[in-house]
Each structure stands twice: as structure tokens, then as C-alpha cells.
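Chemist:
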Ligand code: GLU
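Residue numbers (the working numbering): 1 to 318.
1) In chain order, which continuous runs of the beta strand (DSSP E) of length 3 or greater are located wholly inside the segment 202-247?
2) Please name the residue in 137, 87, 226 whose C-alpha comes closest to that of residue 322.
3) Any heavy atom of the ligand GLU within a distance shorter than 7 Å of the CB on residue 95?
4) Please list, in chain order, all residues of the same chain as residue 53 whose beta carbon is under 6 Å from its beta carbon, the five residues on each side excluded.
5) Where does residue 151 sit, in a helix, a strand or coil, going by DSSP?
6) How many whole angstroms separate the CB atoms of residue 377 and residue 61, which I take to be in contact at a CB cut-off of 8 Å?
7) Per DSSP, which residues does residue 116 bridge with? Please list them.
8) Starting from the Cα of residue 41, find the closest Cα among 180, 85, 296, 124 and give me that residue.
9) So if I measure from each beta-carbon to every heavy atom of the ligand GLU and keep distances below 6 Å, which residues remain?
10) Determine the closest residue to residue 210 out of 178, 167, 173, 237, with distance taken between C-alpha atoms.
11) Are there three or more Cβ pairs, one per stretch, closer than 8 Å when the segment 11-23 is compared with the segment 205-222?
12) Looking only at DSSP bridge pairs, what is residue 56 linked to?
13) Does the segment 60-79 touch the segment 91-98, meaning 3 or more C-beta pairs lie closer than 8 Å?
14) What's the call for residue 157, buried or exposed, on a 16-neighbour Cβ count within 10 Å?
15) Among the residues of its own chain, which have a CB less than 6 Å from the CB of residue 202, if the five just before and after it don't count?
16) Short check: CB of residue 173 to CB of residue 314, under 8 Å?
17) Please tell me whether residue 301 and residue 23 are closer than 8 Å, where the distance is taken between their beta carbons.
18) Could you give the first and the last residue of the continuous alpha helix (DSSP H) run that contains residue 107?
19) Cβ of residue 115 within 8 Å of Cβ of residue 152?
20) If you check the beta carbons only, do residue 55 and residue 21 fall under 8 Å apart?
21) Give me the Cα-Cα distance between residue 253 and residue 182, rounded to the nearest whole angstrom.
22) Within 10 angstroms of the Cβ of residue 148, are there 16 or more other Cβ atoms? Answer buried if so, exposed if not.
23) For residue 106 and residue 1, I'd like the C-alpha separation in whole angstroms.
24) For the beta strand (DSSP E) holding residue 177, just list the boundary residues, first then last.
25) Sorted by chain position, which residues of the same chain lie with C-beta nearer than 7 Å to residue 150's C-beta, five sequence neighbours on each side aside?
26) Determine the extent of the beta strand (DSSP E) in which residue 190 is found, giving its start and end residues.
27) Could you check where the beta strand (DSSP E) with residue 166 kicks off and where it finishes?
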């Protein structure tokens, strides 16, 4: 499928970059300060990259502007720096890359891969499975000859028509991901009805054009991976490797409570903890060091090898 040439050139360059070297990234949304779980995921993602001598980029996922909070980006950068999790190159912001996503949309639309969808959220909630199971779009608008303009005061969302067949990706800490496109993922929204560029589109374009070889992130994003891999396939590219790391759980295997989970560095600092104590706590929670250890991020790099991280993350979690 012919994509706009500057986008194709970036995707081709990204492909070469990730074949040549490890390139990881951390991609927080600036919706507030990083909480304990995010801090731990950041440490694991950084370690995964640095233990392999790889680059680690920092991307701020700030496309969903109503959810952005003033000051959140500044606090994210300060927290990562305080913990010693250094990133490579300039901070990348999705809000500054909109032109690239728009090029991807126009390429996909010209190739006939998109269709306008006018299903309301309420309609889709009514037909989806109970108990909040992730709904696969049933394809109501797939074969409707609807226009792209305003109808009854509303613009359509744009969906990517998925081709039949499985989509797969490599997983560092679990079995490979394999999902059937139309049955398990469903046609992905790439532009929302309110005109916002959809997160899956932006993320897929970014992983490819930034040459990301390895995405290490929380396992709450496992299902989102199917949609992102589907967009990558539509752009004619293969996905990076993924390492979905377990979310932080308490001793009884429960996800941290809202209060515990929401606590970020500020909470640690109020208790008088310094960076070595916090890094020790984050690393101990993933089984990398003994509980109560004090250790800097740089020291962790000296003491661990990639195999320690892999063993800790593939084994049973606390
Ligand atoms: N920005 C999203 C989040 O913070 C996605 C992160 C990712 O893909 O790593 O949940």
C-alpha cells in the first residue's frame, strides 16, 4: 500500500534502526504524577534496555488533551531523573507528531482500508458482553455506504477494516500473542468521532517510525497490543518485540489498592526515603533484590545481568 513518502521513509529508517540495535521506550500519559506501579514499570523497562546496552527513549502520550494535567509532564521528567532513569535524546511528544499520524490516516484512507462508523458508544455498550468484557466491534457500519461528513450533527469515527486471519507478536515474558483480527480484535478506531487521532494509531506509527525494537510496559496493555499490531500490519510493517510486565500486586496477589497504587514519589519522600531506598523497594517488589535493599539504578545495572531480570519476570510474582 503506498503511504505518503515521508512516512514510508521514516518507517523504513525505523526498521533499519531496530534491526541494528536495541531501542526501548517509556511512554507515560501526562494525566498526573507517576504512581508506584508506573515507577516500577519504568525501572523494569529501563533495566531491560540498559542491561542490553540499548537506547531508552521517553515519549509523552499527550494526545488526549482533556485528560492531560498541567504540571504532569514536568513531574514525570523530574521523577525519572531523581530515580536515575536517564533517557536518550529529546523528550518526544505525541502532540508534536500529529502530522505524521495524519499522513498515516490519509494513506490508509486512500488505500480503502478505512470506513466511517456512526455507531454511538451507547449502542456498542448495549450490544457488548456484560461485566465489561472487552467488546469486539461487531462491524455494523462495515458495509454501509455512509459518507465521511457531518450527519445529524455528528462526524463519524474512522475504523480500520481488519483482514481475516491471525495477528501475532513476540512476548518476552509469556507465550507469543496471537489474536484473530476480525474475531478477537475487531475493526480498530483510528480517528475518533470527536476528531481526535486515536491512541492506537499514534502508538503504532510511533513504535515504527522511532525504530522501537522492544516495548516493555504493564500487562494491562496486553489487549491493546492486538489493536496496535493490526495498525502496524495495515501500514505494511511487523511489530516490535513486547515484554508485558506484571502490575504490582500486594502479598496476597491483589492489585495495589487505589490509595497504595496512587502513591508516587511524593508519598515515599514524605516518609523520608531517598532515591536508593525507593529504587530498592521497586526492585525488591519485582524480586530483583532482597526486601529493604538500598541501591541506585546505576548500581542495579552493575549487579544484574539480563538473565536476572528475565528470570524474575517470568517466575511467580509478588
Ligand atoms: N501512555 C499509555 C499509558 O501510560 C501507554 C503506555 C505504553 O504503551 O507503554 O498507559
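For every residue, glycine included, the Cβ atom is placed at its ideal position computed from N, Cα and C.
Modeler: Result, derived from the coordinates:
1) Fully enclosed beta strand (DSSP E) runs of no fewer than 3 residues occupy 214-218, 241-245 of the segment 202-247, in order along the chain.
2) For the chain, the structure presents residues 1 to 318; residue 322 sits outside this window and is missing.
3) False, no ligand heavy atom lies under 7 Å from that Cβ.
4) There are no such residues.
5) Of the three classes helix, strand and coil, the one that applies to residue 151 here is strand, per DSSP.
6) Any question about residue 377 goes unanswered here, given that the chain covers just 1 to 318.
7) Looking at the DSSP output, residue 116 shares a beta bridge with 158.
8) Nearest Cα to residue 41 within the set 180, 85, 296, 124: 85.
9) Having a Cβ closer than 6 Å to some heavy atom of the ligand GLU are 27, 28, 29, 61, 203, 217, 221.
10) Selected option, being the one with the closest Cα: 237.
11) Yes: at least three Cβ pairs fall under 8 Å.
12) Paired residues: 24.
13) Counting C-beta pairs with one atom in each stretch, the segment 91-98 and the segment 60-79 have three or more that are closer than 8 Å, which means they touch.
14) With 16 or more other Cβ atoms within 10 Å, it is buried.
15) Only 63, 94, 101 meet the Cβ criterion.
16) It is a contact, given that the beta carbons lie within the stated cut-off.
17) Cβ atoms of residue 301 and residue 23: not closer than 8 Å.
18) In the DSSP assignment, residue 107 falls within the unbroken alpha helix (DSSP H) covering 98-110.
19) Taking the C-beta atoms as reference points, residue 152 is found no nearer than 8 Å to residue 115.
20) Result yes, Cβ atoms of residue 55 and residue 21 sit closer than 8 Å.
21) Each residue's CA atom was taken as its position, placing residue 253 and residue 182 some 33 Å apart.
22) Exposed, because fewer than 16 other Cβ atoms sit within 10 Å of the Cβ of residue 148.
23) Straight-line Cα distance between these residues: approximately 12 Å.
24) Residues 177-180.
25) Exclusion of the five residues before and after residue 150 leaves no residue of its chain whose Cβ lies closer than 7 Å to its Cβ.
26) Note, residue 190: beta strand (DSSP E), 188-191.
27) Its beta strand (DSSP E) spans residues 166-169.
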